[in-house]
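Residue numbers (our numbering): 49 to 142.
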């Protein structure tokens with residue numbers, strides 16, 4: 049139940065601190081690497097955004113992959129995001 053609580057925002061919000069993430073631009077999309085700390089490891093997670101017809105569209109995803117190093121989690125998230133963008137294009141937001 050703990051994972052679902054964190055995913056849907058039912059966890060203890062007072063202990064969370066928002067960290068500003070610098071996006072990486074790829075083919076007109078912005079990729080935000082936002083791994084989730086989980087039991088001393090990091091779950092692959094992030095957002096892909098793009099302005100479409102003056103509206104900011106966003107796609108958030110969380111993968112089952114868990115890595116021991118935050119930098120490795122960020123790198124894998126970036127590669128998976130780029131592959132997803134290459135395969136889906138603007139259909140990501142459909």
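Positions of the beta carbon are idealized from the N, C-alpha and C atoms, including for glycine.
Residue i, DSSP secondary structure in three states
{"i": "residue 94", "result": "strand"}
{"i": "residue 105", "result": "strand"}
{"i": "residue 123", "result": "helix"}
Whole-angstrom distance between residue j and residue i, CA atom to CA atom
{"i": "residue 89", "j": "residue 120", "result": "11 Å"}
{"i": "residue 87", "j": "residue 93", "result": "15 Å"}
{"i": "residue 106", "j": "residue 129", "result": "13 Å"}
{"i": "residue 109", "j": "residue 102", "result": "23 Å"}
{"i": "residue 78", "j": "residue 71", "result": "6 Å"}
{"i": "residue 112", "j": "residue 132", "result": "16 Å"}
{"i": "residue 62", "j": "residue 142", "result": "A caution first: residue 62 carries a pLDDT of 46, below 50, which makes its placement in the model unreliable, though a value can still be read off. Rounded to the nearest angstrom, the two C-alpha atoms are 34 Å apart."}
{"i": "residue 116", "j": "residue 100", "result": "36 Å"}
{"i": "residue 139", "j": "residue 73", "result": "18 Å"}
{"i": "residue 123", "j": "residue 91", "result": "12 Å"}
Expected contact under 8 Å - CB spacing of residue i and residue j to nearest Å
{"i": "residue 83", "j": "residue 127", "result": "Contact doesn't hold; Cβ gap of about 13 Å is too wide."}
{"i": "residue 136", "j": "residue 81", "result": "Between residue 81 and residue 136 the Cβ distance is about 18 Å, and since that is not below 8 Å, they are no contact."}
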